[in-house]
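When we follow the working numbering, the leftmost residue of the sequence shown carries the number 95, and every step to the right adds one.
Where a beta carbon is used, it is the ideal one built from N, C-alpha and C, also for glycine.
Quick caveat: nothing in here was measured; it's all calculated off a predicted structure.
Structure, as structure tokens:
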Amino acid sequence: MSFLRKYCLTTVWCVVIFVLSVMNVSNIDAPHLFQIPYIDKWIHLVLYLVLGFLLCYEVRFSTFLKKMFVWAFPAFYGGAMELIQEFVVHRSGDVVDFAADMLGACMGILLCYLIFCKRWKQAL
């Protein structure tokens, strides 16, 4: 329970990503949205940017293992979501989607680090 309390924002966002990843998008009637080039890649980038930011904010980089966790978790989670899309819910898992996931997560982690770095150093 303490894990969920400590990482509640990250946990909620992971659930949001999971629901969006397994959702059947063929029933969505939004032709104007799907006319934007590479919209699915932009959605992946934004979802994982938020995940990387929230995870980095909640972990706070205090030890080497936590730093590795912040970088590794989005990679494992993004890879798992792509595999689930490909093999379980029969959507199209894509390597380019995974690359957008990783780019977004890295951007979120770096953004969080740039915003909160001085505050964390003063707190430690």
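Nearest residue (CA-CA) to residue i, options the options
i, options, result
"Leu177", "Asp191, Trp136 and Leu149", "Asp191"
"Tyr207", "Gly187, Ala169, Val189 and Leu143", "Leu143"
"Ala167", "Phe181, Val183, Cys150 and Thr157", "Per the sequence shown, the amino acid found at residue 167 is Phe instead of Ala. Here the closest residue by C-alpha is Cys150."
"Met117", "Ala169, Gln179 and Ala199", "Gln179"
"Tyr73", "Asp188, Val110 and Phe112", "In the structure as shown, the chain begins at 95 and stops at 218. Residue 73 is therefore absent and cannot be evaluated."
"Tyr101", "Val113, Gln129, Ile130 and Leu148", "Leu148"
"Cys211", "Ser156, Met196 and Leu197", "Ser156"
Simplified DSSP state of residue i, which is helix, strand or coil
i, result
"His184", "coil"
"Gln129", "coil"
"Arg154", "coil"
"Tyr101", "coil"
"Met117", "coil"
Euclidean distance between Cα positions of residue i and residue j
i, j, result
"Arg185", "Ser115", "9 Å"
"Trp136", "Ala194", "7 Å"
"Val106", "Ala174", "17 Å"
"Phe181", "Ala199", "24 Å"
"Ile203", "Leu98", "20 Å"
"His138", "Phe158", "27 Å"
"Met162", "Ala169", "11 Å"
"Ile130", "Val113", "22 Å"
"Leu103", "Val183", "26 Å"
"Leu205", "Asp134", "22 Å"
Own chain, CB closer than 6 Å to residue i, minus 5 neighbours either side, in chain order
i, result
"Val153", "Lys160 and Val164"
"Met201", "Leu143"
Same chain, Cβ closer than 8 Å to residue i, five either side skipped, listed in chain order
i, result
"Cys108", "Leu145 and Tyr171"
"Met196", "Tyr142, Pro168, Ala169 and Gly172"
7 Å Cβ shell around residue i - same chain, five flanking residues per side excluded
i, result
"Ile111", "Leu141, Leu145 and Met175"
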